[in-house]
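I have placed the structure first, in the form of structure tokens, so that the comments after it can refer back to it.
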Amino acid sequence: MTDTQSQPANRYDAALADKIETRWQQWWDQHQVYKQPNPGEPGFDPSRPKFYCLDMFPYPSGAGLHVGHPEGYTASDIICRYKRMRGFNVLHPMGWDAFGLPAEQYAIQTGVHPEVTTRTAIDNFRRQLKRFGFSYDWSREFGTIDEDYYHWTQWIFLKLYNAWFDPEAGNGRGRARHIDELVEEFYTGKRRVRLNPNAAEYTGAGDLPDGTDAGEWSSLDSETKHAIIDSYRLAYLSQQTVNWCPKLGTALANEEVIDGKSERGGYPVFRKPLRQWMFRITAYADRLLDDLANLDWPESTKTQQAEWIGRSEGAEIDFPLLDLRGEKSGESLRVFTTRPDTIFGATYMVVAPEHPIVELTMELPHPETDENALRSYVQWARNRSDIERQENKEKTGVFTGVYVINPATRKKIPVWTSDYVLMGYGTGAIMAVPAQDTRDWEFATKFNLPIVRTVQPPQDWPDDQPFTGDGPAINSDFLNGLSVAEAKQKIIAWLQQHHIGARRVNYRLRDWLFSRQRYWGEPFPIVFDPRGQHHPVAEDKLPVRLPRLTDYQPAESDEPTPLLGKATDWVHTTAAEAGVADLPPDTPVRRETNTMPGWAGSCWYYLRFCDPKNSNRFASREAERYWMVTPELSVEPEEVHDSGTFQPHTQRVGGVDLYIGGAEHAVLHLLYARFWHKVLFDLGEVSTPEPFHKLFHQGLITSHAFQRADRSLVAIDEVENRGTDDKPAYFEIKTNQPVTQIVAKMSKSLKNVVNPDDVIASYGADTFRLYEMYMGPLEASKPWNTRDIVGLHRLLQKIWRLCINEDGSLRLTETHSPDTEKRLHRLVAKVGSDIERLSFNTAIAAIFEFVNDTDIMTRVQTDWFVRVIAPFTPHIGEELWHRLGHHDKGSVAFAPWPVHDEKLLVDDEIEIPVQILGKVRSKIIVPAKADPKALEAAALADPRIAELIEGKSVRKVIVVPGKMVNIVAN
Numbered sequence: 002m003t004d005t006q007s008q009p010a011n012r013y014d015a016a017l018a019d020k021i022e023t024r025w026q027q028w029w030d031q032h033q034v035y036k037q038p039n040p041g042e043p044g045f046d047p048s049r050p051k052f053y054c055l056d057m058f059p060y061p062s063g064a065g066l067h068v069g070h071p072e073g074y075t076a077s078d079i080i081c082r083y084k085r086m087r088g089f090n091v092l093h094p095m096g097w098d099a100f101g102l103p104a105e106q107y108a109i110q111t112g113v114h115p116e117v118t119t120r121t122a123i124d125n126f127r128r129q130l131k132r133f134g135f136s137y138d139w140s141r142e143f144g145t146i147d148e149d150y151y152h153w154t155q156w157i158f159l160k161l162y163n164a165w166f167d168p169e170a171g172n173g174r175g176r177a178r179h180i181d182e183l184v185e186e187f188y189t190g191k192r193r194v195r196l197n198p199n200a201a202e203y204t205g206a207g208d209l210p211d212g213t214d215a216g217e218w219s220s221l222d223s224e225t226k227h228a229i230i231d232s233y234r235l236a237y238l239s240q241q242t243v244n245w246c247p248k249l250g251t252a253l254a255n256e257e258v259i260d261g262k263s264e265r266g267g268y269p270v271f272r273k274p275l276r277q278w279m280f281r282i283t284a285y286a287d288r289l290l291d292d293l294a295n296l297d298w299p300e301s302t303k304t305q306q307a308e309w310i311g312r313s314e315g316a317e318i319d320f321p322l323l324d325l326r327g328e329k330s331g332e333s334l335r336v337f338t339t340r341p342d343t344i345f346g347a348t349y350m351v352v353a354p355e356h357p358i359v360e361l362t363m364e365l366p367h368p369e370t371d372e373n374a375l376r377s378y379v380q381w382a383r384n385r386s387d388i389e390r391q392e393n394k395e396k397t398g399v400f401t402g403v404y405v406i407n408p409a410t411r412k413k414i415p416v417w418t419s420d421y422v423l424m425g426y427g428t429g430a431i432m433a434v435p436a437q438d439t440r441d442w443e444f445a446t447k448f449n450l451p452i453v454r455t456v457q458p459p460q461d462w463p464d465d466q467p468f469t470g471d472g473p474a475i476n477s478d479f480l481n482g483l484s485v486a487e488a489k490q491k492i493i494a495w496l497q498q499h500h501i502g503a504r505r506v507n508y509r510l511r512d513w514l515f516s517r518q519r520y521w522g523e524p525f526p527i528v529f530d531p532r533g534q535h536h537p538v539a540e541d542k543l544p545v546r547l548p549r550l551t552d553y554q555p556a557e558s559d560e561p562t563p564l565l566g567k568a569t570d571w572v573h574t575t576a577a578e579a580g581v582a583d584l585p586p587d588t589p590v591r592r593e594t595n596t597m598p599g600w601a602g603s604c605w606y607y608l609r610f611c612d613p614k615n616s617n618r619f620a621s622r623e624a625e626r627y628w629m630v631t632p633e634l635s636v637e638p639e640e641v642h643d644s645g646t647f648q649p650h651t652q653r654v655g656g657v658d659l660y661i662g663g664a665e666h667a668v669l670h671l672l673y674a675r676f677w678h679k680v681l682f683d684l685g686e687v688s689t690p691e692p693f694h695k696l697f698h699q700g701l702i703t704s705h706a707f708q709r710a711d712r713s714l715v716a717i718d719e720v721e722n723r724g725t726d727d728k729p730a731y732f733e734i735k736t737n738q739p740v741t742q743i744v745a746k747m748s749k750s751l752k753n754v755v756n757p758d759d760v761i762a763s764y765g766a767d768t769f770r771l772y773e774m775y776m777g778p779l780e781a782s783k784p785w786n787t788r789d790i791v792g793l794h795r796l797l798q799k800i801w802r803l804c805i806n807e808d809g810s811l812r813l814t815e816t817h818s819p820d821t822e823k824r825l826h827r828l829v830a831k832v833g834s835d836i837e838r839l840s841f842n843t844a845i846a847a848i849f850e851f852v853n854d855t856d857i858m859t860r861v862q863t864d865w866f867v868r869v870i871a872p873f874t875p876h877i878g879e880e881l882w883h884r885l886g887h888h889d890k891g892s893v894a895f896a897p898w899p900v901h902d903e904k905l906l907v908d909d910e911i912e913i914p915v916q917i918l919g920k921v922r923s924k925i926i927v928p929a930k931a932d933p934k935a936l937e938a939a940a941l942a943d944p945r946i947a948e949l950i951e952g953k954s955v956r957k958v959i960v961v962p963g964k965m966v967n968i969v970a971n
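Taking the numbering used here, the leading residue of the sequence shown gets 2, the next gets one more, and so forth.
Below, the structure is given as structure tokens:
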């Protein structure tokens with residue numbers, strides 16, 4: 002029992018909160034209250050349903066948590082505590098996404114090894130999270146930097162490396178198969194021996210052109226076989242133009258580059274060709290897109306993923322190239338367009354600066370080529386990121402000097418190069434139809450190129466604007482008068498008939514760059530032989546351990562050297578040591594010195610939580626199946642693959658039951674995790690086709706900042722209030738100029754970060770939890786205001802006084818109050834329903850209302866009330882639960898959730914509005930089940946109504962039972 006005799010029991014203050022909270026946190030840890038056994042382990046109850054709730058695990062920075070971080074964690078903790086009380090086996094784990102660039106940069110700045118700083122940060126994060134009283138199963142904790150974790154990250158990489166995507170399998174949806182099955186089909190002649198026609202690259206392809214048969218498999222040399230197999234692998238090496246940051250010493254994804262600078266550090270970024278590991282995520286584009294329909298995710302997130310995948314239907318068209326003499330060369334410039342119906346308006350072409358035709362033209366200039374201008378422009382454009390190039394800014398470009406023939410008009414049209422065309426989308430070339438495309442219009446207007454309308458705009462359409470809508474075709478020969486849809490179908494048929502084009506589906510999604518030239522990341526389980534051929538490390542040689550470098554300073558150079566290259570003893574090994582069976586044991590091999598990106602560990606961590614101590618597999622099949630599969634999906638993966646049992650859009654796809662985290666991960670982590678999971682599903686390693694069934698994004702917790710007249714921001718410690726609290730007047734101290742208080746994201750530079758440790762010290766963790774959940778809807782962004790937290794602290798003080806007397810004894814009554822009983826049953830129903838809907842602010846509002854209207858309760862009523870508040874305020878809930886005498890029943894965390902009586906949710910009496918000629922004139926209290934005649938009589942007898950209709954003739958009384966009475970009188 003907590004000793005409260007030395008001070009008034011109604012003094013629920015920070016000191017008492019700290020005493021209660023730390024005592025119960027120690028008790029929970031000591032008794033492993035929240036440890037959830039797996040199937041087959043002692044204490045596992047197979048009769049209970051399962052609930053797997055997961056937070057997006059944090060990156061443990063040295064700064065620790067700020068008050069925005071616990072919002073999602075508090076929400077998940079409430080729903081998990083509620084589910085335990087409802088009889089579920091609850092998996093609620095926590096771990097650390099600990100590899101990555103920030104830790105390495107911090108180590109470079111401080112001189113402390115990243116493992117040391119990361120482990121220190123993890124210890125601090127764990128301390129902070131435990132102080133909130135979150136009910137995590139800490140026995141399942143791990144970090145992505147743990148060797149027994151990244152062992153399986155490397156294993157999964159090898160699964161992708163040794164897999165290919167068969168577009169004809171999986172009931173026509175395509176699925177991954179083992180690479181040995183592909184080789185077997187080549188060997189037996191079941192499949193044509195050729196490079197993958199759907200590959201984005203042909204690494205080491207040599208003289209094997211696209212689509213050409215290579216002959217019999219057995220007759221090919223080793224190098225050719227490697228090239229063909231690699232063009233099918235889901236993990237492959239490719240020469241890629243990347244965003245290279247010399248200062249950071251690594252290639253960056255497009256999303257990590259802002260305005261030509263690295264997102265982290267703000268260093269210059271340049272475009273550079275580099276040999277990189279890639280994942281063939283584009284093979285899964287259709288499945289990633291189609292299966293969004295099965296997910297209980299926010300529509301905005303599904304829309305973002307759909308737009309990122311960017312499926313578009315259209316046609317590929319070949320435009321004959323003219324040679325230096327202006328005659329047909331026999332070669333063509335191939336374009337992809339979603340609007341083949343506008344081909345008659347194509348007055349010029351635009352190719353990406355990286356397009357082969359540009360390279361060829363710089364080597365063999367045409368008569369009209371301005372070689373210096375072309376080289377200068379290409380150099381400038383190639384140093385811009387794809388994101389910058391797609392921004393809606395002034396168009397730039399250079400005429401290449403090359404011409405093609407428009408196959409529809411038979412006219413000669415020029416080929417330009419411009420950075421607004423990307424090599425990674427379509428064919429890296431477009432036919433420009435300025436009258437029907439805004440970007441083409443801007444380009445044509447700037448460079449004085451012809452504009453021909455091919456779709457009739459509305460009569461009042463301005464002549465100086467493109468028209469991108471629907472309308473009848475004009476200036477288009479045999480298409481004239483057709484709608485856009487009709488014209489598309491007819492022109493595609495014409496293109497195919499004349500063998501100059503074909504119907505095609507294209508995607509905005511590109512293959513996933515998976516290499517980093519950094520130290521602090523997972524090593525690749527790959528070695529290279531003396532000829533440069535890559536080989537997988539044997540599974541029994543995993544993990545490939547990250548060597549401990551003392552010098553991890555990146556070399557600031559245009560020619561990147563991966564940092565792991567400094568570990569020379571580690572880099573150079575033998576085939577025997579690496580377990581490469583297809584090489585002689587003493588063959589010298591060199592380890593891959595790139596590392597995996599930070600996304601690697603977070604792509605599959607939800608699976609490891611199912612069975613984190615397993616040393617034989619990433620998770621036992623039994624544990625993975627129990628936590629990931631739902632009753633609606635009861636078929637085996639093999640059945641899904643081979644018979645098509647799983648029907649998209651009709652069955653729940655299993656996976657984590659509730660995944661909570663920020664919306665900023667919509668198109669990176671969430672898409673990458675879905676890709677990895679689908680490959681593992683295809684290979685029979687996991688039981689569900691999707692990783693996360695339900696996804697919820699919590700809103701941002703923002704803070705205050707100050708803004709100058711020019712909209713620049715000022716740190717809060719550089720501002721003073723020269724007014725009053727009621728009428729503040731803020732001024733920048735340095736300039737003496739007025740500034741405006743605004744809502745802004747918490748930032749160390751603005752010095753507006755609120756440390757949760759300070760808030761807990763002042764009010765307690767239970768108060769903190771209540772405040773964050775009461776601020777507003779969970780999904781909304783909300784400004785933090787420490788002054789507002791006092792109201793929630795007062796609520797806990799009222800709860801304490803409601804249950805505990807001044808002398809510390811329980812405050813109970815023997816007198817049963819029907820009114821209290823009814824309100825309590827309504828509270829149970831309301832709070833339970835709101836928790837299920839993650840509507841925690843309204844649930845807390847209901848608790849507020851109940852406490853304000855209640856003076857005292859019986860023991861049974863207090864017991865119920867304590868269970869209702871326990872998910873929100875677990876420490877005070879546990880304290881009151883044990884004070885009620887439940888020592889032999891263990892923690893309140895497993896007390897059954899009260900079962901409300903539906904009859905008590907119905908009012909005996911209700912208030913009904915009474916209208917006269919449609920306007921509400923009074924309200925009456927009537928029995929809830931009063932019939933229409935009784936309602937009419939009560940309305941007419943109401944004094945206010947009787948006064949208003951006195952002397953008038955009541956022609957009609959309209960009664961809507963339970964809703965209203967309307968009197969027609971004149």
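Using N, Cα and C, we set each Cβ at its ideal position, and we do this for glycine too.
> Helix or strand or just coil, what does DSSP make of Gly482?
Replying inline: Position 481 of the sequence shown, counted from the start, is the residue given in the question as residue 482. When DSSP states are grouped into helix, strand and coil, Gly482 belongs to the coil group.
> Can you name, in chain order, every residue of its own chain whose Cβ lies under 6 angstroms from the Cβ of Gly101, other than the five neighbours on each side?
Replying inline: Stepping through the sequence shown from its first residue, residue 101 is reached at position 100. Excluding residues up to 5 positions away in sequence, Gly599 lie with their Cβ nearer than 6 angstroms to the Cβ of Gly101 in the same chain.
> Can you find at least 3 beta carbon pairs, one from the segment 336-353 and one from the segment 424-441, that sit closer than 8 angstroms?
Replying inline: A contact exists between the segment 336-353 and the segment 424-441.
>> Can you check which of these residues, Thr251, His666, Leu751, Gln460, is closest to Ser516 by C-alpha distance?
In response: As a working mapping, residue 516 is identified with position 515 in the sequence shown. With distances taken between Cα atoms, Ser516 lies closest to Thr251.
> Looking at the unbroken beta strand (DSSP E) that takes in Gly502, where does it start and where does it end?
Replying inline: To locate residue 502, count along the sequence shown from 1; it is residue 501. Segment 502-507, the beta strand (DSSP E) holding Gly502.
> Can you tell me the Cα-Cα spacing of Trp442 and Gln466, whole angstroms?
Replying inline: Counted from its first residue, the sequence shown places residue 442 at position 441. Counted from its first residue, the sequence shown places residue 466 at position 465. Straight across, the Cα-Cα distance linking Trp442 with Gln466 is about 8 angstroms.
>> For the alpha helix (DSSP H) containing His876, name the first residue and the last one.
In response: Your numbering for residue 876 matches position 875 in the sequence shown. Membership of His876 in the alpha helix (DSSP H) is indicated by the continuous run 875-884.
> What number of angstroms, rounded off, separates the C-alpha of Leu608 from the C-alpha of Ala667?
Replying inline: On the sequence shown, residue 608 is found 607 positions in, with the first residue counted as 1. On the sequence shown, residue 667 is found 666 positions in, with the first residue counted as 1. Rounded to whole angstroms, Leu608 to Ala667 spans 19 angstroms at the Cα level.
> What's the call for Leu480, buried or exposed, on a 16-neighbour Cβ count within 10 Å?
Replying inline: Translated into the one-based positions of the sequence shown, residue 480 becomes position 479. Buried: at least 16 other Cβ atoms inside 10 Å.
> Who are the Cβ neighbours of Val969 in its own chain at under 6 angstroms, not counting the five residues just before and after it?
Replying inline: Translated into positions along the sequence shown, residue 969 becomes position 968. Excluding sequence positions up to five before and after Val969, its CB lies within less than 6 angstroms of the CB of Arg956, Lys957, all in the same chain and listed in chain order.
>> Rounding to the nearest angstrom, what Cα-Cα distance links Arg193 and Glu185 in this structure?
In response: For this step, residue 193 is matched to residue 192 along the sequence shown. For this step, residue 185 is matched to residue 184 along the sequence shown. If I take the Cα positions, the gap works out to 11 angstroms.
>> For Thr703, tell me which candidate among Pro819, Pro585, Val68 has the shortest Cα-Cα distance.
In response: By 1-based counting over the sequence shown, the position of residue 703 is 702. Taking Thr703 as reference, the option from Pro819, Pro585, Val68 with the minimal CA-CA separation is Val68.
> Since Asp19 and Tyr60 are thought to touch, with beta carbons under 8 angstroms apart, how far apart are those beta carbons, to the nearest angstrom?
Replying inline: Position 18 of the sequence shown holds residue 19. Position 59 of the sequence shown holds residue 60. Not quite, the Cβ-Cβ distance comes to about 29 angstroms (not below 8 angstroms), so this is no contact.
>> Whether or not the segment 525-539 and the segment 585-598 are in contact is what I'm after, with contact meaning three or more pairs of Cβ atoms, one per stretch, closer than 8 angstroms; do they touch?
In response: Two segments are said to touch when three or more pairs of C-beta atoms, one from each, lie closer than 8 angstroms; by this definition the segment 585-598 touches the segment 525-539.
> Which residue or residues does DSSP assign as beta-bridge partners of Ala252?
Replying inline: What you label residue 252 is simply residue 251 of the sequence shown in a count that begins at 1. Answer is Trp245.
> For Asn853, does the three-state DSSP call read helix, strand or coil?
Replying inline: Reading the sequence shown from its first residue, position 852 is the one you call residue 853. Asn853: helix per DSSP, three-state reduction.
>> Taking the alpha carbon of Asn255 as the reference point, which residue from Pro247, Lys248, Phe271 has its own alpha carbon closest?
In response: Counted from its first residue, the sequence shown places residue 255 at position 254. Comparing alpha carbon positions, the residue from Pro247, Lys248, Phe271 closest to Asn255 is Phe271.
> With a Cβ-Cβ cutoff of 8 angstroms, do Pro585 and Leu249 count as a contact?
Replying inline: To locate residue 585, count along the sequence shown from 1; it is residue 584. To locate residue 249, count along the sequence shown from 1; it is residue 248. Taking 8 angstroms as the Cβ cut-off, Pro585 and Leu249 do not qualify as a contacting pair.
>> Taking only three categories from DSSP, how would you classify Thr646?
In response: The residue labelled residue 646 in the question sits at position 645 within the sequence shown. Since pLDDT at Thr646 reaches only 38, below the 50 mark, its modelled position is unreliable, and the value read off the structure follows with that caveat. In this structure, Thr646 counts as coil in the three-state DSSP scheme.
> Within 10 angstroms of its Cβ, does Lys831 collect 16 or more other Cβ (buried), or is it exposed?
Replying inline: Locating residue 831 in the sequence shown gives position 830, counting from the first residue. With 16 or more other Cβ atoms from the protein chains shown falling within 10 Å of its own Cβ, Lys831 counts as buried.
> Got a sec? Which residues, its chain only, sit under 6 angstroms from Asp471 by beta carbon, not counting five neighbours each side?
Replying inline: For the purposes of this step, residue 471 is taken as the residue at position 470 of the sequence shown. Taken in chain order, the residues that qualify are Val485.
> Alpha carbon to alpha carbon, what distance is there between Leu547 and Asp35?
Replying inline: The residue you call residue 35 lines up with position 34 of the sequence shown. The residue you call residue 547 lines up with position 546 of the sequence shown. Asp is not the amino acid found at residue 35; the sequence shown has Tyr there. Rounded to whole angstroms, the separation of the alpha carbons of Leu547 and Tyr35 is 33 angstroms.
> With 16 as the cutoff for other CB atoms within 10 Å, does Trp801 come out buried or exposed?
Replying inline: Your numbering for residue 801 matches position 800 in the sequence shown. Buried, since its Cβ has 16 or more Cβ neighbours within 10 Å.
>> Could you give the first and the last residue of the continuous beta strand (DSSP E) run that contains Ala177?
In response: For the purposes of this step, residue 177 is identified with residue 176 of the sequence shown, where counting begins at 1. For Ala177, the enclosing beta strand (DSSP E) stretches over residues 176-179.
> Among Trp153, Asp420, Asn199, Leu684, which residue has its Cα nearest to the Cα of Pro168?
Replying inline: Counted from its first residue, the sequence shown places residue 168 at position 167. Of the listed residues, the one whose Cα sits closest to Pro168 is Asn199.
>> Going by C-alpha to C-alpha distance, which of Ile734, Pro94, Ala294, Tyr775 sits closest to Arg654?
In response: By 1-based counting over the sequence shown, the position of residue 654 is 653. A small correction: the amino acid at residue 654 is Val; Arg does not occupy that position in the sequence shown. Residue Ala294 is the option with its Cα nearest to Val654.
> What are the partner residues of Cys54, as DSSP defines its beta bridges?
Replying inline: Here residue 54 refers to the residue found at position 53 of the sequence shown. DSSP output for Cys54 lists Leu659 as bridge partner(s).
>> Using 8 angstroms for Cβ pairs, my map puts Ala353 next to Gly429. What's the rounded Cβ distance?
In response: Residue 353 sits at position 352 when you count from the first residue of the sequence shown. Residue 429 sits at position 428 when you count from the first residue of the sequence shown. At roughly 4 angstroms, the Cβ-Cβ gap stays under 8 angstroms, so Ala353 and Gly429 are in contact.
> Helix, strand or coil: how does DSSP classify Asn971 here?
Replying inline: Sequence index remark: in the sequence shown, residue 971 carries index 970 (1-based). Here Asn971 sits in coil by DSSP.
> Buried or exposed: Glu148, going by 16 or more other Cβ atoms within 10 Å of its Cβ?
Replying inline: By 1-based counting over the sequence shown, the position of residue 148 is 147. Counting Cβ neighbours within 10 Å, Glu148 comes out exposed, since fewer than 16 surround it.
> Just reading off the beta strand (DSSP E) that Met432 is part of, what are its end residues?
Replying inline: The residue you call residue 432 lines up with position 431 of the sequence shown. Residues 430-433.
> Glu395 lies in the alpha helix (DSSP H); which residues open and close that run?
Replying inline: Within the sequence shown, residue 395 is the residue found at index 394, counting from 1. Taken as a continuous stretch (DSSP letters only), Glu395 belongs to no alpha helix (DSSP H), as it is neither H nor E.
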